[in-house]
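>
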Amino acid sequence: MPETLTAAEAARLAAIALGHVEREYPNKPDHTLASPADARTPSQLHPVFYGSYDWHSCVHSYWLLARLLRLFPEGDKAPAIRALFDRAFTADKVAAECAYLKAPTARGFKRPYGWAWLLKLAAELHRLPEPRWSQSLQPLTDIFAQRYRDFLPIAPYPVRVGTHFNTAFGLRMAADYAETTGDEALLTLLRDTARRWYGDDADCPAWGEPSGDDFLSSAMIEAECMRRLLPPAEFAAWFPRFLPRLSDRKPATLFAPASVTDRSDGKIAHLDGLNLSRAWCFRALATAVPDATAAVLRQAADEHYAAALPHLSGDYMGEHWLATYALLALTVAEG
678 MPETLTAAEA ARLAAIALGH VEREYPNKPD HTLASPADAR TPSQLHPVFY GSYDWHSCVH
738 SYWLLARLLR LFPEGDKAPA IRALFDRAFT ADKVAAECAY LKAPTARGFK RPYGWAWLLK
798 LAAELHRLPE PRWSQSLQPL TDIFAQRYRD FLPIAPYPVR VGTHFNTAFG LRMAADYAET
858 TGDEALLTLL RDTARRWYGD DADCPAWGEP SGDDFLSSAM IEAECMRRLL PPAEFAAWFP
918 RFLPRLSDRK PATLFAPASV TDRSDGKIAH LDGLNLSRAW CFRALATAVP DATAAVLRQA
978 ADEHYAAALP HLSGDYMGEH WLATYALLAL TVAEG
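Numbering of the sequence shown is given in this note's numbering, commencing with residue 678 and proceeding in unit increments.
(1) Alpha carbon to alpha carbon, what distance is there between residue 794 and residue 979?
(2) Can you tell me the Cβ-Cβ gap for residue 802 and residue 810, rounded? I've got them flagged as a contact below 8 Å.
(3) Does the distance from the C-beta atom of residue 838 to that of residue 891 stay below 9 Å?
(4) Within its chain, find whatever has a CB closer than 7 Å to the CB of residue 941; leave out the 5 residues flanking it on each side and keep chain order.
(5) What is the rounded straight-line gap between the Cα of residue 922 and the Cα of residue 914?
(6) Ignoring anything shorter than 4 residues, give me the alpha helix (DSSP H) runs that lie fully in the stretch 686–766, in order along the chain.
(7) How is residue 954 classed by DSSP in three states: helix, strand or coil?
(8) Please classify residue 710 as buried or exposed, where buried requires at least 16 other C-beta atoms within 10 Å of its C-beta.
(9) Within the chosen definition, does the stretch 696–714 reach the stretch 752–759 through at least 3 CB pairs nearer than 8 Å?
(10) Going by the beta-carbon positions, is the gap between residue 1023 and residue 754 smaller than 9 Å?
(11) Roughly how many angstroms lie between the CA atoms of residue 953 and residue 982, to the nearest whole one?
(12) Do you know how far the Cα of residue 1005 is from the Cα of residue 741?
(13) List the whole-angstrom C-beta distance separating residue 798 from residue 739, where the pair is believed to meet the contact cut-off of C-beta under 8 Å.
(14) Leaving aside the five residues before and after residue 849 along the sequence, list all residues of the same chain whose C-beta is less than 8 Å from its C-beta, in chain order.
(15) Give me the Cα-Cα distance between residue 725 and residue 707, rounded to the nearest whole angstrom.
(16) Could you give the C-beta distance for residue 825 and residue 851, rounded to a whole number, given that I count them as a contact under 8 Å?
(17) Classify residue 918: buried if its beta carbon has 16 or more other beta carbons within 10 angstroms, exposed otherwise.
(18) Does chain D have any CB closer than 9 Å to the CB of residue 922?
(19) Just the C-alpha distance for residue 791 and residue 929, rounded to the nearest angstrom, thanks.
(20) So residue 893 and residue 843 are in contact, right, with Cβ under 8 Å, and what is the actual spacing, rounded?
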């Protein structure tokens, strides 16, 4: 696993995303019909985020492109990314995305995974020198930030699965937006919720990993959430209680890359994502632990990344989203 992202690899990842963010079909809408009038095409429902097989994958593919544009503003794919953003982030298209969320049937739309990625995209756009895209997206950003503010106080329990409903992932990604934009009230809410949900967790067995369609490690994303949100001293006390035998590569199930038997099956293909998201978490956590443990985590990151790297493209069930998680792993220092 390379220490830094090369221009050539950035161009390859950008090409993958550019190949599907405007590809409308096949498509799997997360859409509730309240009447016949609600039967519309993906691009009619979501004029910005209609590609990449589903709404949330389209959002985080735009994040991938925004990060690559920031890191390689003169890269081979930079002109195509800028042109795409100018087409997508317009006032009327964003207004239509906002209008969709006003329906009562959309209250829980993409909670929390899509919420998290929309705020993560907003944070990345905020860091670009061209402010027009961030400003255009702001009305939609505001809606999802408010949904966090409304939902977290009434959510008594976390969701610990390894798929889209995982709440630790939702907190961790939203933290980047809150910090980038200086929203201290939201950051405090995220931190207090993480403490409430996960602060007493100890001796995690990770016995349920991997499940048959995981793309997140419920153990490692919880740890990464706490690393991101807790002050360093508080995390240093919490983490050894949560995974006390990590330096010995235990629980062993966390250190064995998942086996993928059929990449044309969308659920089984999730397991390539599990390998990549674990690589991201291992690498991020290695920045906050003692050297001996950090070496173990970096080796595990390398092993998981190598298992998934050959499969970022080739079958659309993985191609429409896996590059995002590869980029997370490759750009840990960027947040």
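Glycine is no exception: its CB is placed at the ideal position from the N, C-alpha and C atoms.
Checking against the coordinates, here is how it stands:
(1) Rounded to whole angstroms, residue 979 to residue 794 spans 25 Å at the Cα level.
(2) Yes, residue 802 and residue 810 are in contact; Cβ-Cβ is about 5 Å, under 8 Å.
(3) A contact, by the Cβ cut-off of 9 Å.
(4) Residues 992 and 994 of the same chain have their beta carbon placed closer than 7 Å to that of residue 941, with the five preceding and five following residues left out of the count.
(5) Here the C-alpha atom of residue 922 lies approximately 14 Å from the C-alpha atom of residue 914.
(6) Counting whole runs of 4 or more residues, the stretch 686–766 contains the alpha helix (DSSP H) stretches 719–722, 732–748 and 755–765.
(7) DSSP places residue 954 in the helix class (H, G or I) of the three-state scheme.
(8) So residue 710 ends up on the exposed side.
(9) Counting C-beta pairs closer than 8 Å gives fewer than three between the stretch 696–714 and the stretch 752–759, which falls short of the contact rule.
(10) Lying before the first or after the last residue shown, residue 1023 is absent from the chain, which here runs from 678 to 1012.
(11) Our two residues, residue 953 and residue 982, have alpha carbons roughly 6 Å apart in a direct line.
(12) Answer to the nearest angstrom: the Cα atoms are 9 Å apart.
(13) Indeed they touch by this definition, with Cβ atoms about 5 Å apart.
(14) Hits under 8 Å: 793, 898, 901, 902, 905 and 906.
(15) Going by C-alpha positions, residue 725 is about 15 Å away from residue 707.
(16) The Cβ separation is near 6 Å, so the contact holds.
(17) The residue in question, residue 918, is exposed, as its Cβ has fewer than 16 Cβ neighbours within 10 Å.
(18) Here there is only one protein chain, and chain D is not present.
(19) CA-CA distance, residue 791 to residue 929, rounds to 31 Å.
(20) Contact between residue 893 and residue 843 holds, with the beta-carbon distance rounding to 5 Å and staying under 8 Å.
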